[in-house]
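What follows is a single structure, written as structure tokens, with notes after it.
Residue numbers (the numbering used here), protein chains in the order written: chain A, 2 to 109; chain B, 1182 to 1299.
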């Protein structure tokens, strides 16, 4: 199974950076690492994905460890709208298993 | 960006009836769509992978005769919950991939269907 491990919850202050960690020790060489976030009663929203190199987009940055067994999603300046459950997944031959995710709470 | 439309957004049905949920990719063709179920305060659980023109692949423990999946076109997959019971009440979510089976492209999710069986 393509399992990931994330902290259950994290807190951040508004306007501060947030680093959300994820362990994916069973990852294989061709698996992409994806991050999604979900607001209550909505479908997940794509955040970012990568393979080996660090990635940046308008929403976040993704830092991937050299051995690829872990990654960190970086929100550079958290806003109240970033409060959500964040899921990291790695996709193995069609297996799309979501772990428990991290509930991010942002304090004003 | 790529949009996945899911309909209805919520439905209430009586025990023993069937409910159909539609998932459409609005501006791209999706050869593969995925169906998930999510219970309150839990993560998404993959139910099945739906491939256009072929039979869906169900995850272990998911009854294929109860959760009928049809993916007759490149833009539409449907999930029918047959003979629904209260324990089937859940949040059902579909997703589709824009790439041609490559995971170097995002998954795009519908906004989910809240099913309540009374």
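Glycine is no exception: its CB is placed at the ideal position from the N, C-alpha and C atoms. As the structure is a prediction and not an experimental result, all values here were calculated from the model.
Counting the other CB atoms within 10 Å of its CB gives residue 30 of chain A a total below 16, which places it among the exposed residues. Selection A/24, A/15, A/65 evaluated against residue 99 of chain A yields A/24 as nearest (Cα-Cα). No residue range can be given for residue 1207 of chain B, since it is assigned to no beta strand (DSSP E) and is classified by DSSP as neither H nor E. Residue B/1204 holds the alpha-carbon nearest to the alpha-carbon of residue 1292 of chain B among B/1254, B/1265, B/1227, B/1204.
Contact between the stretch 63-72 of chain A and the stretch 1184-1198 of chain B is not established, with fewer than three Cβ pairs separated by less than 8 Å.
In this structure, residue 1206 of chain B sits near residue 1277 of chain B, with a CB-CB distance shorter than 8 Å. Interface flag for residue 1293 of chain B against chain A is set, since a Cβ pair is found closer than 8 Å. Close to chain A, meaning a Cβ-Cβ distance shorter than 7 Å, are the following residues of the stretch 1215-1243 of chain B: 1215, 1224, 1225, 1227, 1230.
Counting C-beta atoms within 10 angstroms of its own C-beta, residue 1220 of chain B has fewer than 16 neighbours from the protein chains shown and is therefore classed as exposed. Chain A has a Cβ within less than 8 Å of the Cβ of residue 1290 of chain B. By the Cβ criterion, the stretch 1235-1243 of chain B is not in contact with the stretch 1191-1203 of chain B, since fewer than three pairs of Cβ atoms, one from each stretch, lie closer than 8 Å. Look at residue 46 of chain A here: in three-state DSSP terms it is strand. Under DSSP, residue 51 of chain A takes part in a beta bridge, and its partners are A/34.
Residue pairing by DSSP places residue 88 of chain A opposite A/37 in a beta bridge.
Beta-carbon to beta-carbon, residue 19 of chain A and residue 105 of chain A are separated by about 7 Å, close enough to satisfy the 8 Å threshold.
Under the 8 Å criterion on CB atoms, residue 98 of chain A is classed as interfacial with respect to chain B.
For the stretch 22-46 of chain A, the residues whose beta carbon sits under 9 Å from a beta carbon of chain B are, in order, 31, 32, 33, 35, 37, 39, 42, 43, 44, 45, 46. Only residues of its own chain outside the window of five on either side were considered, and among them 69, 91 have a CB closer than 6 Å to the CB of residue 28 of chain A, listed in chain order. The Cβ-Cβ distance between residue 1210 of chain B and residue 1257 of chain B does not fall below 8 Å. For the C-beta of residue 92 of chain A, the chain B residues within less than 7 Å are, from N- to C-terminus, 1284.
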